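Number of protein chains: 2
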Amino acid sequence: MPDNQPSTDAVIELLGLLAYAELVAFDRMAADARLAPDLHRRALLSEMAAREIENYHRLVQRLRDLGGDPEVVMGSYAGALEAYHEQTEPRDWLEALAKAYVGESIADDFYREVAEFLQAPDRDLVLDVLHDSRYADFAAAEIRAAIAADPKVANRLSMWARRLVGEAMSQAQRVAAERAALAGLIAMGTGDFAGVSALLKRLTSAHTARMAAVGLNN
Amino acid sequence: MPDNQPSTDAVIELLGLLAYAELVAFDRMAADARLAPDLHRRALLSEMAAREIENYHRLVQRLRDLGGDPEVVMGSYAGALEAYHEQTEPRDWLEALAKAYVGESIADDFYREVAEFLQAPDRDLVLDVLHDSRYADFAAAEIRAAIAADPKVANRLSMWARRLVGEAMSQAQRVAAERAALAGLIAMGTGDFAGVSALLKRLTSAHTARMAAVGLNN
Numbered sequence: 009m010p011d012n013q014p015s016t017d018a019v020i021e022l023l024g025l026l027a028y029a030e031l032v033a034f035d036r037m038a039a040d041a042r043l044a045p046d047l048h049r050r051a052l053l054s055e056m057a058a059r060e061i062e063n064y065h066r067l068v069q070r071l072r073d074l075g076g077d078p079e080v081v082m083g084s085y086a087g088a089l090e091a092y093h094e095q096t097e098p099r100d101w102l103e104a105l106a107k108a109y110v111g112e113s114i115a116d117d118f119y120r121e122v123a124e125f126l127q128a129p130d131r132d133l134v135l136d137v138l139h140d141s142r143y144a145d146f147a148a149a150e151i152r153a154a155i156a157a158d159p160k161v162a163n164r165l166s167m168w169a170r171r172l173v174g175e176a177m178s179q180a181q182r183v184a185a186e187r188a189a190l191a192g193l194i195a196m197g198t199g200d201f202a203g204v205s206a207l208l209k210r211l212t213s214a215h216t217a218r219m220a221a222v223g224l225n226n
Numbered sequence: 009m010p011d012n013q014p015s016t017d018a019v020i021e022l023l024g025l026l027a028y029a030e031l032v033a034f035d036r037m038a039a040d041a042r043l044a045p046d047l048h049r050r051a052l053l054s055e056m057a058a059r060e061i062e063n064y065h066r067l068v069q070r071l072r073d074l075g076g077d078p079e080v081v082m083g084s085y086a087g088a089l090e091a092y093h094e095q096t097e098p099r100d101w102l103e104a105l106a107k108a109y110v111g112e113s114i115a116d117d118f119y120r121e122v123a124e125f126l127q128a129p130d131r132d133l134v135l136d137v138l139h140d141s142r143y144a145d146f147a148a149a150e151i152r153a154a155i156a157a158d159p160k161v162a163n164r165l166s167m168w169a170r171r172l173v174g175e176a177m178s179q180a181q182r183v184a185a186e187r188a189a190l191a192g193l194i195a196m197g198t199g200d201f202a203g204v205s206a207l208l209k210r211l212t213s214a215h216t217a218r219m220a221a222v223g224l225n226n
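Chains as they are written, first to last, in this note's numbering: chain Y, 9 to 226; chain Z, 9 to 226.
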């Protein structure tokens, strides 16, 4: 379906968004790792962070191959991504884990959907840089254990998760308004406004299911 | 020379020191990367940081294989290593680079010497986790370029390097006083006090040569 192929510009935009997201997630998670209660857990979050840098390199390499300037393209997304992280700085280990579990899972779901609008090799690259599910499993197990030990934690983390989602949505709207090529890619991929709305609905259901799975409520 | 073989306890201590050093260097460098003037440089320092985590895992694995408890052994070195980093927090990109160039090179020289006191496979493991020289080359090139652009930088960074070395020496003395098995490994490896003194002299000469190579003075 050559009519449906996204423009190179749109692919460059998507890769730039993803690359900058990896870079900023890297240093935020590296900092969050210091909140860990022991060295084993600290190392595990540090390891999650380090993985983002490998992914960053692969994305930037492909962005360059497509003729994009990484500095310029990534710079367009710096404002929204830095704002998200500044507004959602975890105050303790559980908030850090919940941020990884909630935030990165939504981001992954979104990228997984968008990957379907791309051709190879970009589709495979985007699917490849999604987070390893064992990290989400680890975060989920920690959250469950914390709630089992102190049920009041559920309320606090549920509120925190709502804040994460609210901030993510507000920054996503900003990006959609500012970056026409990327918004176009998603509009074209989903078909129409009903398609975009269906996509948001799928993201929301998956998020709700994940929250319930660890004992949090929406 | 079976008489000269270091005790397993001493090797465990050394691996614990190295492992914790990697973990703390990881999150400090990850934070320093934010001082970079552009995304390319930021990614490069982030990549250096991420490498430390891979090394961390290899060291902890071996430490466990030898029967050590990573949490306990690493915990013994936390005070000295965190104190070093707290006392030497870079205020800008050049201080961050100079810290990587000066501090990690001295540490690498030290570990390279100590590796010679070990048997395989520990000797090879320690040699393997030394820093990739291309990172030192990158830092050196950046420092040289900054001094070429503004010669006053040389004075400021020379003072900064003296502070780094002073703080490192003071923490090294603390470790030597507190951790008898590790101090014993070095004393045994070098043979006697004259040997320790010769080792310190070699570390100092190499440091002086590195400083001169980028236009800094001792």
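We put the CB at the ideal spot given by N, CA and C, even for glycine. Note that the structure is predicted; figures quoted are calculated from it, not measured.
Through-space distance from residue j to residue i, alpha-carbon basis
i: A39 of chain Z; j: A39 of chain Y; result: 7 Å
i: S205 of chain Y; j: R36 of chain Z; result: 42 Å
i: G223 of chain Y; j: A162 of chain Y; result: 7 Å
i: M9 of chain Y; j: V81 of chain Y; result: Any reading at M9 of chain Y needs caution, since the residue's pLDDT is 42, under 50, leaving its predicted position unreliable; the model's value is listed next. Going from the Cα of M9 of chain Y to the Cα of V81 of chain Y covers about 27 Å.
i: E62 of chain Y; j: R142 of chain Z; result: 17 Å
i: Q13 of chain Z; j: T212 of chain Z; result: 27 Å
i: A185 of chain Z; j: S178 of chain Z; result: 11 Å
i: R50 of chain Y; j: A41 of chain Y; result: 5 Å
i: E124 of chain Z; j: N226 of chain Y; result: 58 Å
i: R218 of chain Y; j: K160 of chain Y; result: 19 Å
i: A220 of chain Y; j: L74 of chain Y; result: 41 Å
i: Y92 of chain Z; j: S113 of chain Z; result: 15 Å
i: H48 of chain Y; j: A154 of chain Y; result: 17 Å
i: S15 of chain Y; j: G76 of chain Y; result: 13 Å
i: K107 of chain Y; j: L208 of chain Y; result: 19 Å
i: D200 of chain Z; j: A57 of chain Y; result: 43 Å
i: R164 of chain Y; j: G197 of chain Z; result: 55 Å
i: G87 of chain Z; j: A169 of chain Z; result: 22 Å
i: A156 of chain Y; j: I194 of chain Z; result: 48 Å
i: D158 of chain Z; j: A202 of chain Y; result: 59 Å
i: L53 of chain Y; j: L31 of chain Z; result: 11 Å
i: D132 of chain Z; j: G192 of chain Z; result: 21 Å
i: L89 of chain Y; j: E90 of chain Z; result: 30 Å
i: V137 of chain Z; j: L126 of chain Z; result: 15 Å
i: E55 of chain Y; j: G83 of chain Z; result: 19 Å
i: R66 of chain Z; j: A128 of chain Z; result: 15 Å
i: E121 of chain Y; j: E121 of chain Z; result: 52 Å
Chain-order list of residues whose beta-carbon lies under 8 Å from that of residue i (same chain, five-residue window excluded)
i: Y85 of chain Z; result: G24, L25, Y28, A29, V183 and R187
i: L190 of chain Y; result: A18, E21, L22, L25, V183 and A184
i: L71 of chain Y; result: I20, L23, G24, A27, P78 and V81
i: Y109 of chain Z; result: A144, A147, A148, I151, R218 and V222
i: E94 of chain Y; result: none
i: S166 of chain Y; result: M219, L224, N225 and N226
Under 7 Å by beta carbon: chain Y residues contacting residue i
i: I61 of chain Z; result: S54, E55 and A58
Same chain, Cβ closer than 6 Å to residue i, five either side skipped, listed in chain order
i: D130 of chain Z; result: V19
i: D227 of chain Y; result: An answer regarding residue 227 of chain Y cannot be provided, because it is not within the stretch 9 to 226 covered by chain Y.
i: T228 of chain Z; result: Past the boundaries of the shown model lies residue 228 of chain Z; chain Z is included only from 9 to 226, so the question cannot be answered.
i: H139 of chain Z; result: E112 and D116
i: V134 of chain Z; result: Y119 and A123
i: Y64 of chain Y; result: A27, E30 and L31
Residues near residue i in its chain [Cβ-Cβ closer than 7 Å; skip 5 each side]
i: L43 of chain Y; result: P98, D100, W101 and A104
i: M33 of chain Y; result: One detail in the question is off: residue 33 of chain Y reads as Ala in this sequence, not Met. For A33 of chain Y, where only same-chain residues beyond five positions count, the Cβ hits under 7 Å are E60.
i: G111 of chain Z; result: L172 and A176
i: V68 of chain Y; result: A27 and P78
i: P45 of chain Z; result: W101
i: Q181 of chain Y; result: none
i: T96 of chain Y; result: K107, R171, L172 and E175
7 Å Cβ cut-off: residues of chain Z touching residue i
i: E79 of chain Y; result: D46, L47 and H48
i: Y64 of chain Y; result: A51
Residues that residue i contacts on chain Z, provided the C-beta gap is smaller than 8 Å
i: R42 of chain Y; result: D35
i: R31 of chain Y; result: Residue 31 of chain Y is actually Leu in this sequence, not Arg. Within chain Z, the residues near L31 of chain Y are L47, R50, A51 and S54.
Where residue i meets chain Y, residues with beta-carbon distance less than 8 Å
i: A2 of chain Z; result: Given a span of 9 to 226 for chain Z in the structure shown, any question on residue 2 of chain Z remains unanswerable.
Amino acids of chain Z, ordered along the chain, whose beta-carbon sits closer than 9 Å to that of residue i
i: M82 of chain Y; result: L47
CB contact check: residue i to chain B, cutoff 8 Å
i: E124 of chain Z; result: Absent here is chain B; the protein component of the structure consists of chains Y and Z.
Whole beta strand (DSSP E) elements within the region 127-158 of chain Z, 3-residue minimum: Along the length of the region 127-158 of chain Z, whole beta strand (DSSP E) runs at least 3 residues long do not occur.
Report the start-end ranges of each beta strand (DSSP E) in the region 36-71 of chain Z that is 3 residues or longer and not cut off at the edges. As far as the region 36-71 of chain Z is concerned, it has no whole beta strand (DSSP E) run of at least 3 residues.
Can you check the region 167-214 of chain Y for any alpha helix (DSSP H) of at least 4 residues that lies completely inside it and give the ranges in chain order? Runs of the alpha helix (DSSP H) inside the region 167-214 of chain Y: 188-198.
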